Amino acid sequence: MMTEIVALAAQYALFLIFLAAWVGKIKGPGRFSGFATVISRLTGWSPPTARAVGVTVVAGEVLACLLLISPLTAVAGAVVALTLLTAFTGVAVKALWSGIRSECACFGGSDSAIGYAMIVRNLLLITLALPPLVVRADLAALSATGVVAVALGALAIALLLIGFYDPLARRATASIIATRRATRPRAETAGGGDGAG
Numbered sequence: 001m002m003t004e005i006v007a008l009a010a011q012y013a014l015f016l017i018f019l020a021a022w023v024g025k026i027k028g029p030g031r032f033s034g035f036a037t038v039i040s041r042l043t044g045w046s047p048p049t050a051r052a053v054g055v056t057v058v059a060g061e062v063l064a065c066l067l068l069i070s071p072l073t074a075v076a077g078a079v080v081a082l083t084l085l086t087a088f089t090g091v092a093v094k095a096l097w098s099g100i101r102s103e104c105a106c107f108g109g110s111d112s113a114i115g116y117a118m119i120v121r122n123l124l125l126i127t128l129a130l131p132p133l134v135v136r137a138d139l140a141a142l143s144a145t146g147v148v149a150v151a152l153g154a155l156a157i158a159l160l161l162i163g164f165y166d167p168l169a170r171r172a173t174a175s176i177i178a179t180r181r182a183t184r185p186r187a188e189t190a191g192g193g194d195g196a197g
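For the sequence shown, position 170 (counting from the first letter as 1) is numbered 170 according to the working numbering, and the numbering increases by one without interruption.
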């Protein structure tokens with residue numbers, strides 16, 4: 001029972017995240033153009049090619065949503081999601097290693113930048129795609145309590161990874177940088193004192 005609840009929560013969280021991703025890319029003027037520009041910047045492809053790839057990405061996200069919503073097609077939806085997420089992660093890693101600085105426009109905006117935190121989030125999303133591949137579960141087979149647990153779990157995961165992840169990652173990064181800066185002068189002073197003595 002718990003295994004099915006976890007698998008379904010992952011499945012529907014992934015549905016909500018992909019829904020937010022494609023709606024975010026098309027909901028406002030200039031959102032999709034901005035996404036296509038980011039693709040061009042990250043890959044070096046021409047604007048027409050980047051735009052065609054952007055259309056393909058959005059279509060893939062819509063397809064993932066349509067497939068993830070039903071227990072009959074959840075495995076196929078997880079495969080589509082896994083394929084997209086692996087491609088996104090590969091492009092992000094390549095851009096990071098190449099020193100390309102850019103926002104990701106993952107959800108249509110420019111709040112999230114390409115960096116290690118974004119790659120970690122993608123790896124978490126890839127992890128979410130795995131339970132629906134290995135556990136066959138149907139929401140209709142659960143008790144009312146199980147359905148509520150799935151709904152709350154999916155919503156909590158989606159909100160954490162969409163709404164709260166970037167601010168938390170920024171705070172964590174700032175805290176790590178501040179800690180390193182605070183400890184570095186002490187280490188240098190300690191080293192200088194030992195050398196002088």
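Beta carbons are placed, not taken as given, at the ideal position from N, Cα and C, and that holds for glycine. Given the structure is predicted, the values throughout are model-derived calculations rather than measurements.
| query | result |
| --- | --- |
| Can you tell me where the alpha helix (DSSP H) with T43 in it begins and where it stops? | R31 to T43 |
| How is the alpha helix (DSSP H) around G146 delimited, first residue to last? | A144 to L159 |
| Could you check where the alpha helix (DSSP H) with I119 kicks off and where it finishes? | Y116 to A129 |
| Using alpha carbons as the reference points, say which of A50, A174, T43 and Y165 lies closest to V93. | T43 |
| Under 9 angstroms, do P132 and A20 count as touching if we go by C-beta distance? | no |
| When you compare each of A144, T179, L84 and V58 to K27 by their alpha carbons, which one comes out closest? | V58 |
| Are there 16 or more other CB atoms within 10 angstroms of the CB of V38, so buried, or fewer, so exposed? | buried |
| Buried or exposed: F164, going by 16 or more other Cβ atoms within 10 Å of its Cβ? | exposed |
| Between the region 149–167 and the region 109–126, are three or more C-beta pairs nearer than 8 angstroms? | yes |
| Applying the criterion that 16 or more other CB atoms from any shown protein chain within 10 Å of the CB defines a buried residue, is I177 buried or exposed? | exposed |
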